[in-house]
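Novice: Numbering (the numbering used here), first residue to last: 45 to 199.
For reference, the structure I am asking about is given below.
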């Protein structure tokens, strides 16, 4: 089974997720001509479009909607989309944790664990807009720094 070592702090998580978001966006920009060409099947294009919309567009849209609603003192318009996305994620988490696992024991899908999992996913709604803004406004800085992790030593 695939295992991931946890980062050791919130600042380390923030740095790691910024790198992941920037890498993901760069991957889409770099492969865009190939992704929009006729070499992908309709199913592949649909899968790619859904991923891009949920992973990148929805956080940007939700963030812009929230900022606009705070400035104009109105209710956010696109909040139902975010609720649906979080609900689908929660359902997937709940169903996934109920299945047998080949790896380490998964947490029970109780209400608290479900809410914590959804809250954890919510950090992308901050990371993606931040990284997109940074990429749009500032030149790329080539800085590589190892993120400290906590996990088992290799056997």
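We treat Cβ as the ideally placed atom computed from N, Cα and C, and that holds for glycine.
From a predicted model like this one, the values you see are computed outputs, not experimental measurements.
I'd like to know whether the C-beta atoms of residue 129 and residue 159 end up nearer to each other than 8 Å.
Specialist: Cβ distance not < 8 Å, so residue 129 and residue 159 don't count as in contact.
Novice: Write down the C-beta distance between residue 171 and residue 61 rounded to the nearest angstrom, noting that I regard them as a contact closer than 8 Å.
Specialist: Confirmed, about 5 Å.
Novice: Can you look up residue 187 in the DSSP assignment and give me helix, strand or coil?
Specialist: Correct three-state label for residue 187: coil.
Novice: Applying the 10 Å Cβ sphere with the 16-neighbour rule, what's the burial state of residue 48?
Specialist: Flag for residue 48 reads exposed.
Novice: Excluding sequence positions up to five away, which residues of its chain have a Cβ less than 7 Å from the Cβ of residue 173?
Specialist: Same-chain partners within the cutoff: 103, 104, 107.
Novice: State the start and end residues of the unbroken alpha helix (DSSP H) segment that holds residue 124.
Specialist: Residue 124 -> alpha helix (DSSP H) spans 123-142.
Novice: Can you tell me where the alpha helix (DSSP H) with residue 106 in it begins and where it stops?
Specialist: It spans 102-116 - the alpha helix (DSSP H) in which residue 106 sits, taken as one unbroken run.
Novice: Give a yes or no on whether the C-beta atoms belonging to residue 69 and residue 175 are separated by under 8 Å.
Specialist: In contact: residue 69 and residue 175 (Cβ atoms closer than 8 Å).
Novice: Apply the 10 Å Cβ neighbour rule to residue 161 and answer buried if 16 or more other Cβ atoms are within range, or exposed otherwise.
Specialist: Classification of residue 161: buried, given that the 10 Å Cβ count is 16 or more.
Novice: Who are the near neighbours of residue 166 in its chain, counting only those whose CB is closer than 8 Å to its CB and skipping five residues on each side?
Specialist: Taken in chain order, the residues that qualify are 130.
Novice: Apart from the five residues just before and just after residue 169, which ones in its own chain have a Cβ nearer than 6 Å to its Cβ?
Specialist: Taken in chain order, the residues that qualify are 103, 106.
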